[in-house]
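I have placed the structure first, in the form of structure tokens, so that the comments after it can refer back to it.
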Amino acid sequence: MSVFSIAIDGPSGAGKSSVARAVAEKLGAMYLDTGAMYRAVGLYMLKNGVPLDDPAAIAAHCPGVDVRVGYGKDGRQCVYLGEEDVSEAIRAAEVSLAASSVSTVPEVRERMVALQRRIASGHSVVMDGRDIGTKVLPDATLKVFLTASAEVRARRRFHELAQKGMPEPYEKVLEELVRRDDVDTHRAASPLRMAEDAVEVDCSQMTLDEVVEAVAALARQALEAKA
Ligand code: DC
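The sequence shown: position 146 = 145 (numbering that gives the first Met the number 0), numbered continuously.
This is how it looks when you write it as structure tokens:
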């Protein structure tokens, strides 16, 4: 099979990462969670006291951010800031908001997109994010736009945070998710939107396994059509 790429975009909490990871495993492709990279940049800015409402300050600090991606023995993606493994730290609620802020800054996006393309080059890849189908991989073999209602997404994130020992009240999770949706869809630089040639999958009423099956089936169809 020749090299292929699958783009999975959509709003926060739709389950993109879980779906993308499982589909990559099924198809023997590399998985790249691009949101984790913006989260690492957000964490860097928080650690260095850079004001998140100051795009010029974020842009000025951007060249100093050393984001690296690696894969553990179990194949899980790990994200590093320099030598430090920040894979867990980037999941904190305050880092979610920081990631949303830094991802509005064009200088940050340019660096991340270049890094994402470099990591993926020469590999079959399943990448998830907000601008994969529209910007990072415009010629992707398959583009999926994964959505779910805000309430369903907030409920999932609420359980996920509780499971990780970082519980937050449901109302707060929902409020922050709606705020992030707003920032992600209204920013000037590569806003979240469905690529014209993407397939929309609304997973509000689907289990994770059902979504993985549906996306893998779409991928097989796309690969056959390309062959
Ligand atoms: O998918 P996530 O929640 O981990 O993403 C964190 C933030 O990063 C999110 O608010 C939007 C931003 N992001 C982006 O702008 N472009 C991407 N390709 C991935 C994430």
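Backbone N, C-alpha and C fix where the C-beta goes; we use that ideal spot for every residue, glycine too.
Buried/exposed call for residue i, threshold 16 Cβ in 10 Å
{"i": "K72", "result": "exposed"}
{"i": "V2", "result": "exposed"}
{"i": "M165", "result": "exposed"}
{"i": "G81", "result": "exposed"}
{"i": "D138", "result": "exposed"}
{"i": "D208", "result": "exposed"}
{"i": "A226", "result": "exposed"}
{"i": "K216", "result": "The question names Lys, yet the displayed sequence has Ala at residue 216. A216 comes out exposed."}
{"i": "H122", "result": "exposed"}
{"i": "G74", "result": "exposed"}
{"i": "G63", "result": "exposed"}
{"i": "E175", "result": "buried"}
{"i": "A224", "result": "exposed"}
{"i": "A97", "result": "buried"}
{"i": "A55", "result": "exposed"}
{"i": "A113", "result": "exposed"}
Sequence-distant residues of the same chain with beta carbon closer than 6 angstroms to residue i, five excluded per side
{"i": "V125", "result": "I5, A19, V22, A23, A28, Y30"}
{"i": "A66", "result": "In the sequence on display, residue 66 carries Val and not Ala. M36, A39, listed in sequence order."}
{"i": "T184", "result": "P190, L191"}
{"i": "V172", "result": "A153, R156, F157"}
{"i": "E167", "result": "A92, L160"}
Sequence-distant residues of the same chain with beta carbon closer than 7 angstroms to residue i, five excluded per side
{"i": "A218", "result": "I5, V22, L26, L141"}
{"i": "G9", "result": "K15, F144, L145, T146"}
{"i": "I89", "result": "A35, R38, A39, L42, V78"}
{"i": "R186", "result": "T103"}
{"i": "H60", "result": "M44, N47, V49"}
Cβ separation of residue i and residue j, assumed to be a contact under 8 angstroms, to the nearest whole Å
{"i": "Q162", "j": "V135", "result": "Wrong, their Cβ atoms sit about 30 angstroms apart, outside the cutoff."}
{"i": "L145", "j": "G14", "result": "7 angstroms"}
{"i": "R179", "j": "S11", "result": "5 angstroms"}
{"i": "V104", "j": "A58", "result": "5 angstroms"}
{"i": "S189", "j": "T133", "result": "7 angstroms"}
{"i": "I118", "j": "V68", "result": "6 angstroms"}
{"i": "D127", "j": "T206", "result": "Between T206 and D127 the Cβ distance is about 18 angstroms, and since that is not below 8 angstroms, they are no contact."}
{"i": "V107", "j": "A149", "result": "Contact flag wrong, Cβ pair sits at about 26 angstroms."}
Proximity test, Cβ basis, 8 angstroms: residue i and chain C
{"i": "E212", "result": "In the displayed structure, chain C is absent; only one protein chain is listed."}
Residues near residue i by beta carbon distance below 8 angstroms, same chain, minus five either side
{"i": "A197", "result": "A6, D8, G132, K142, V143, F144"}
{"i": "V210", "result": "G14, V18, L145, V200, C202"}
Runs of alpha helix (DSSP H) wholly within the segment 26-110 (minimum 4 residues, chain order)
Counting whole runs of 4 or more residues, the segment 26-110 contains the alpha helix (DSSP H) stretches 33-46, 54-60, 92-101.
Taking only runs of the alpha helix (DSSP H) that begin and end inside the segment 139-182, which ones reach a length of at least 4 residues, in chain order?
Look at the segment 139-182 and you find these whole runs of alpha helix (DSSP H), each 4 residues long or longer: 149-162.
Whole beta strand (DSSP E) runs in the segment 115-142 with 3 or more residues, listed along the chain?
Segments of the beta strand (DSSP E) lying fully in the segment 115-142: 124-128.
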